[in-house]
Amino acid sequence: MRDELSRWATEYPSAYLTKEAFSASSKARLVTHVLPDAIRHTVPQETAGLTVEGSAGQSKWTHTPWIAILDPYVTDSVQEGYYIVYLLSPDGSSIYLSLNQGCTLLKNELGLPASRAELLRRAALMRTRLQFSERFQATPIDLQSALWRAQLYTAGNIISARYDTRQLPSEAQLVADLREALTMYRFLRNAGGWTADDDIIRQAEEEGLPSKLIEAKRYRLHRSIERRAGNAAKVKKLQGTVCKGCDTRLSDVYGPVANGVIDAHHLKPMASLEANEIVELDPRTDFAVLCPNCHSIIHKFEDVSDVARLRKLLGK
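One point on numbering: in this note's numbering, the residue at position 111 of the sequence shown is 111, and numbering is uninterrupted.
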């Protein structure tokens, strides 16, 4: 991984500054394929179930190239949520390994000043849930650019390590840093991300769940998995739209207006979500399609995977 990071710092700035032809460039491929593959190969266990991807821009070189590691329980897009990201300064002098936030959707919704303020607020809250180390600090990152994306990456930085590319750490140190970043990422996910504790409890109470903070955080994580649009679409495609609890197809009750309406319920017991473990989600076995009524009831169960109990209550 060290060699690939060194190549990135050496090769990318010349391509960016000279506006080298982007299409089919090996320097773009280094960011989009070679570095993500190197990360997966270096820490295969820790990245199992995670998305590792990079971008050098879209049809032209970006001033903020990145390689990101995304937890599907948190986000499936670099445009929102929070994730681990390697960021390279335009002159290639610095690489940051940062726990950072997606900014594009927020900027589109709020504009630049308000989104910057919101990213700073969220970052400050998330720092209170992490233990700092010698390697990772809350020191502001400097991407040497006044363009909006660099500004928002700076505001969105939660905690980071800076590497001087003239003297990159050893391979062993880089790997240790990445593993530490992954551990913090998972811890932050389980702690509720940027949602305040009282809001986590309130959300759980509104849905009739116990108000203990640890249970509320598990519930919030569980629901975030279900509400991911990509997860729901895959589950519906494979399992159809007949409720696994009551055997109802909502379009048979409400007519065409309800075509395709069904919830994707995540079957993994909430208690198991506290562990710092990432598993790949299988839309065939890790979810069940349920109508809104059955979905609401099963979340009252201690074991949210007990579809058989749900069916028994319904006399099925």
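Don't be surprised by glycine CBs; every beta carbon is placed ideally from N, CA and C.
What you are looking at is a predicted structure, and each value in this text was computed from that prediction instead of being measured.
Under the three-state reduction of DSSP, which class applies to His265: helix, strand or coil?
strand
What distance in whole Å lies between the Cβ atoms of Leu182 and Glu46, which are believed to be in contact at a cut-off of 8 angstroms?
Taking C-beta atoms under 8 angstroms as the contact rule, Glu46 and Leu182 qualify, at a distance of about 5 angstroms.
If we ignore side chains and look at the alpha-carbon of each, how far apart do Asn276 and Arg179 end up?
Legend: pLDDT at Asn276 = 47, less than 50; position of this residue unreliable, value from coordinates given subsequently. Each residue's Cα considered, the two are about 12 angstroms apart.
Within the continuous beta strand (DSSP E) that includes Ile298, where are the two ends?
Segment 292 to 298 is the alpha helix (DSSP H) holding Ile298; no beta strand (DSSP E) there.
Say whether the stretch 142 to 155 touches the stretch 165 to 178, bearing in mind that this needs 3 or more beta-carbon pairs closer than 8 angstroms, one atom from each stretch.
Contact annotation: the stretch 142 to 155 does not touch the stretch 165 to 178, with fewer than three C-beta pairs closer than 8 angstroms.
List the DSSP bridge partners of Trp61.
In the DSSP output, where bridge partners are listed per residue, Trp61 has none listed.
Is Leu125 helix, strand or coil when you go by DSSP?
helix
Where the beta strand (DSSP E) through Val307 begins and ends:
Run containing Val307: none in the beta strand (DSSP E); it sits in the alpha helix (DSSP H), 307 to 313.
Here's a check: name, in chain order, each residue in its chain whose Cβ is nearer than 6 angstroms to the Cβ of Gly102, leaving out the five neighbours to either side.
Cβ within range, chain order: Val78, Gln79, Glu80, Gly81.
Can you tell me whether Glu118 is buried or exposed? The criterion is at least 16 other CB atoms within 10 Å of its CB, across all chains shown.
With 16 or more other Cβ atoms within 10 Å, it is buried.
Going by DSSP in three states, Thr51 sits in which element: helix, strand or coil?
Correct three-state label for Thr51: strand.
Which ranges would you report for the beta strand (DSSP E) in the stretch 68 to 101 if only whole runs of at least 3 residues count?
For secondary structure counted as the beta strand (DSSP E) over 3 or more consecutive residues, the stretch 68 to 101 holds these complete runs in sequence order: 82 to 88, 94 to 101.
Looking at the unbroken beta strand (DSSP E) that takes in Ser14, where does it start and where does it end?
Here Ser14 belongs to no beta strand (DSSP E); instead the alpha helix (DSSP H) covers 2 to 17.
Give every residue of the same chain whose Cβ lies closer than 6 angstroms to the Cβ of Leu284, excluding the five residues on either side of it in the sequence, and list them in chain order.
In the sequence as presented, Leu is not what sits at residue 284; that position holds Arg. The residues are Leu238.
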